[in-house]
Amino acid sequence: MPTSIADLQSSLENHNATFEALLKLIPARYYLVQEASEEQMASKYQKNSKKQKAPKQAIKEASKKAKREKLDPANNKTVLDIQNEALQESESTSKRSKGKRKAAEMEEDADSGDDAINPDGTAETQGERDSDAEKEAAVSDVPLVPMPESVGIQALRDKLHARMASLRKGGKPAADTEPGSKDELLEERRRQRAAMRERRRKETKEKIKREEEMKGKKSKDKEKDKAQNKGPSTKTQLLVPEQSSSRSGPSQDPGSNYTNVAFSALADSSGGSSKKARHVKTSTNPSQALEQLATRKEKMAAMPEEKRKVIEEKEKWEKAEARMEGIKVHDDESRLKKAAKRKEKEKAKSKKAWGERKEQLQASMAAKQKKRTDNIAMRAERRNDKRKGVKSKDKGRPGFEGKSFGKGKGKGKAPAKGKK
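With the first letter of the sequence shown counted as 1, position 244 gets the number 244 in UniProt numbering; the numbers rise by one all the way through.
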């Protein structure tokens with residue numbers, strides 16, 4: 001049965017009363033946003049705070065006034081009271097604006113006369129305007145009829161139960177409906193598990209297939225790299241192909257006209273880059289490296305000038321190739337001298353520390369030896385005293401027992417009275 005309009009209205013009124021009661025519990029200063037004045041904003045951000053400071057008496061009076069206003073029950077309005085006042089003010093302003101608009105329209109009608117002109121150029125008479133007003137009044141007098149309400153929840157429930165019963169009787173449920181009995185639920189779960197297993201099996205197969213493809217691809221790439229790096233090529237690699245190759249006739253390989261250039265290492269026809277590196281390489285010890293450079297310089301000085309220039313140019317290229325291969329070439333004499341000096345200082349420092357350590361060790365050994373000899377001598381002396389029958393001084397009991405204090409230590413005994 002559809003809900004009546006009166007019941008709906010009473011329900012809405014009850015809800016409204018509940019919300020209004022809740023709103024009354026909230027203080028207005030926490031619910032409504034209060035617009036801060038210019039003075040408050042200035043004091044908030046400390047703009048010209050020294051100029052705005054009022055005298056103490058004025059501040060006291062203002063605080064008393066604020067306290068009285070705070071305790072005044074007329075000022076403690078609820079949220080509903082403030083909202084009602086704002087609504088009344090807005091209604092009054094809207095009424096005043098409507099009255100002003102009506103007065104302006106009446107003045108315009110009086111100025112324009114009884115006849116008005118339509119957009120198509122024809123004059124609109126007073127009778128036509130009266131008929132339009134009557135039509136608008138007739139439309140406004142038509143009562144508002146509410147839309148037919150939907151079926152109640154009980155009817156929907158009955159419909160659902162009937163559908164479930166028909167499905168149980170008919171056999172298997174449709175694909176988009178939920179299973180009803182326990183057997184159907186179990187069957188549905190079994191079907192879902194089987195579908196999940198099938199999906200996982202397919203995913204595993206695809207994963208294994210992808211891994212095998214990747215492995216095969218990697219092995220092919222490795223074989224290609226091995227074939228490319230297998231021994232140095234005897235033919236010199238050129239950036240631009242020779243003209244004779246194009247004249248001799250079209251080659252079978254379409255990519256034969258292009259030369260592959262490898263920038264990882266310089267190609268050398270002789271293949272003796274390691275020998276050159278060994279020739280250029282110097283000792284890691286700076287002093288030895290300086291000696292090697294000095295001997296090389298002496299040899300170069302003994303050679304003729306032309307030969308020396310050729311060898312120097314050759315050495316430059318050999319050093320560059322060695323550096324490209326990652327070999328460190330120590331040929332800077334100034335840096336080698338600094339390194340040798342630094343190494344000599346470190347050696348001197350280490351030598352000094354080692355000497356101090358040896359002295360400390362010898363001193364400690366001498367002290368231990370002296371203590372040992374003293375102990376041996378003391379034991380021998382005790383043994384001799386015991387053999388001779390000399391009593392050793394007994395050790396006193398611990399503490400201050402039997403000791404005399406303040407009896408004139410170090411002073412001789414006073415002579416007895418009567419003795420001369």
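Beta carbons are placed, not taken as given, at the ideal position from N, Cα and C, and that holds for glycine.
On a Cα-Cα basis, can you pick out the residue from the options that is closest to residue i?
i: Tyr-282; options: Arg-96, Lys-319 and Glu-298; result: Tyr is not the amino acid found at residue 282; the sequence shown has Thr there. For the residues Arg-96, Lys-319 and Glu-298, the minimum Cα distance to Thr-282 belongs to Lys-319.
i: Leu-336; options: Ala-289, Glu-346 and Ala-227; result: Ala-289
i: Gln-154; options: Glu-203, Pro-2, His-330 and Ala-380; result: Pro-2
i: Lys-328; options: Leu-293, Thr-284, Pro-304 and Lys-226; result: Thr-284
i: Glu-291; options: Lys-314, Gly-216 and His-330; result: His-330
Check this for me: beta carbons of residue i and residue j, under 8 Å apart or not?
i: Ala-28; j: Ile-82; result: yes
i: Ile-311; j: Met-300; result: yes
i: Arg-382; j: Ser-392; result: yes
Starting from the C-beta of residue i, find all residues in its chain whose C-beta is less than 6 Å away, skip the five residues before and the five after it, and write them out in chain order.
i: Gln-369; result: none
i: Asp-332; result: none
i: Glu-69; result: Asn-75
i: Tyr-31; result: Val-79
Using a 10 Å radius around the Cβ and a threshold of 16 neighbouring Cβ atoms, would you call residue i buried or exposed?
i: Val-79; result: buried
i: His-161; result: exposed
i: residue 431; result: In this structure the chain extends from 1 to 420, so residue 431 is not present and cannot be described.
i: Ala-165; result: exposed
i: Ala-302; result: exposed
i: His-15; result: exposed
i: Ala-322; result: buried
i: Gln-362; result: exposed
Tell me which same chain residues have a C-beta within less than 7 Å of the C-beta of residue i, skipping the five on either side of it?
i: Lys-343; result: Pro-286
i: Thr-295; result: none
i: Arg-157; result: none
Could you tell me whether any Cβ in chain D is nearer than 8 Å to the Cβ of residue i?
i: Arg-157; result: In the structure shown, chain D does not exist; there is a single protein chain.
Which same chain residues end up closer than 8 Å to residue i when comparing Cβ atoms and leaving out the 5 residues on each side of it in sequence?
i: Leu-23; result: Tyr-31, Thr-78, Val-79 and Leu-80
i: Pro-55; result: none
i: Leu-8; result: none
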